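Notes to accompany the following structure.
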Amino acid sequence: MIVAWNVSKKIVKFGFFVLYFLIGCGLVEIGSFVGSGNFVPWQPALVGGLAFAVLVKSVRSKVMRVVGVVTAICVVQFIGLFLMKPLDKKLDAKQQGAAAQKVKGQHETKRP
Numbered sequence: 343m344i345v346a347w348n349v350s351k352k353i354v355k356f357g358f359f360v361l362y363f364l365i366g367c368g369l370v371e372i373g374s375f376v377g378s379g380n381f382v383p384w385q386p387a388l389v390g391g392l393a394f395a396v397l398v399k400s401v402r403s404k405v406m407r408v409v410g411v412v413t414a415i416c417v418v419q420f421i422g423l424f425l426m427k428p429l430d431k432k433l434d435a436k437q438q439g440a441a442a443q444k445v446k447g448q449h450e451t452k453r454p
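Read in our numbering, the sequence shown has 422 at position 80, and its numbers run on one by one without any break.
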């Protein structure tokens, strides 16, 4: 009976770890999209999810868990922003100019 209880506790802990991992991956994707308008590749999302899960699982008390989650959300969003900087530099000036013209054309309104 004790062995079954210990195994079930381990399964539940692993389930929460997977849940925190998925939340962290989602936060990295959302943070990078909000910050730069682009999604990050899958590697930074996995690293961010893993870091988020480890951080949340390492914090034990309930008050500190809430503080840890809020801190992790802020950090993950900034990580997404910094990871997108090298990807944005790959665009050359011509592509950036074309994108600016497209955005400018969308915001112009015609008056009768």
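Cβ atoms here follow ideal geometry from the backbone N, Cα and C, with glycine treated the same way. Note that this is a predicted model, so its numbers are computed, not measured.
Check for me: the alpha helix (DSSP H) holding residue i runs from which residue to which?
i: P383; result: Per DSSP, P383 belongs to no alpha helix (DSSP H) and is neither H nor E.
Quick check: what's the CA-CA separation for residue i versus residue j?
i: C416; j: V382; result: 17 Å
i: L397; j: S378; result: 25 Å
i: G368; j: G391; result: 8 Å
i: S350; j: V401; result: 21 Å
i: F356; j: T413; result: 22 Å
i: A387; j: E371; result: 6 Å
i: A395; j: G366; result: 7 Å
i: F363; j: A393; result: 8 Å
i: G410; j: K404; result: 10 Å
i: R407; j: F359; result: 14 Å
Helix or strand or just coil, what does DSSP make of residue i?
i: V417; result: helix
i: V360; result: helix
i: V409; result: helix
Since I believe residue j is in contact with residue i (beta carbons under 8 Å), could you give me their beta-carbon distance rounded to a whole number of angstroms?
i: G373; j: Q443; result: Between Q443 and G373 the Cβ distance is about 28 Å, and since that is not below 8 Å, they are no contact.
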